Amino acid sequence: MGTLDDKVAIITGSGSGVGRGIALALAKEGAAIGVIDINDAGADETVALIEAAGGRALTVHCDIRRSAEVDAAVSSVVEAFGNVDILVNNAQGARGQVPFEEITDEDLDLVFQAGPIGAVYFMRAAFPYLKDGYGRVINVRSGAEQIPLPGMGAYIAAKGAIGGVTRIAAREWGQYGITVNSIAPAAMTDAAKGYFDANPDKLEAVMAGMSLKRFGDAEADAGRAVAFLAGPDASYITGTTVSVDGGGAFYS
Ligand SMILES: NC(=O)c1ccc[n+]([C@@H]2O[C@H](COP(=O)([O-])OP(=O)(O)OC[C@H]3O[C@@H](n4cnc5c(N)ncnc54)[C@H](O)[C@@H]3O)[C@@H](O)[C@H]2O)c1
């Protein structure tokens, strides 16, 4: 028996990294998973890992920047598994480090569309199912907002917007029994490794600011925190952000 038996979860960007860790954690609690990504090979690998662990999952190709694709993705998951009980907006596009004054229009389009705008598309499309069912939304922010990490201006602006989306949806949807929260993770994913490989000095600085002196694990840390927020023990928690980053950044 898992805490999420008979539940259905959509997890964007779960073809790798933190999203895959969240998918594995929720699947091991019994949820069927819609694995949403533009990276089909990565999504298929996540599905294979879930099935090998005895769970149920489906690859759904979807670019979260396209609302028609988002609507179709939600329909595919409903068709396969019958409902959407849990939505995790994890996918985030971004270019690497860019000095603030050199942020381009394309940088802004990418971070907002493949971030908060995509999250709103999914929340809008999933609302009828969240409303009539169990109703949990977990968005993924970043401690980079709080530190804030230089060179990540566009990304930080988009992550801040996800915080706003989380709070207003929590306020408006509380009447329907839907909770909306965020996590701010730190996990040594391929994306994080790429960043630190390109900026070796930053790893030391980030570790120095991390209260617990280790990097997180996508499944054991971020995934388990989302399993808690999606589970029965978190039914009275909404509108908040949980740092799952070893005490690297504190939200006030
Ligand atoms: N890794 C960390 O330490 C860390 C720290 C803070 C915040 N985060 C956040 O956690 C989340 C996952 O980060 P990660 O490190 O696992 O990165 P990642 O790059 O490994 O994963 C992102 C996934 O999203 C997918 N994706 C990107 N654009 C998409 C789009 N338009 N449509 C559909 N899918 C798309 C990618 O293909 C990829 O599978 C992001 O929101 C990131 O901002 C991560």
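Going by this note's numbering, the first residue of the sequence shown is number 62, and it counts up by one from there.
We treat Cβ as the ideally placed atom computed from N, Cα and C, and that holds for glycine.
All figures in this text were calculated on a predicted structure; none of them were measured in a lab.
- According to DSSP, Gly277 shares a beta bridge with Ala248.
- Proximity of the beta carbon of Ala310 to ligand 1 is not indicated: no heavy atom of the ligand is located closer than 7 Å.
- Bounds of any alpha helix (DSSP H) do not take in Arg197; it lies within the beta strand (DSSP E) bounded by Arg197 to Val201.
- When the beta-carbon positions are compared, Ile223 and Ser243 come within less than 8 Å of each other.
- Assigned with DSSP and collapsed to three states, Gly103 falls in helix.
- DSSP places Ser137 within a helical segment (H, G or I) once states are collapsed to three.
- Met184 carries a helical assignment under DSSP once its states are collapsed to helix, strand and coil.
- In the three-state reduction of the DSSP assignment, Ser304 falls in the strand class.
- In the three-state scheme derived from DSSP, where H, G and I count as helix and E and B as strand, Thr299 is classed as coil.
- Distance from the CA atom of Gln174 to the CA atom of Ser137, rounded to whole angstroms, is 22 Å.
- Closest in C-alpha terms to Asp105, from the list Gly91, Lys89, Leu85 and Glu90, comes Leu85.
- Under a 10 Å Cβ-count criterion, Phe276 is classified as buried, with 16 or more other Cβ atoms of the shown protein chains found around its own Cβ.
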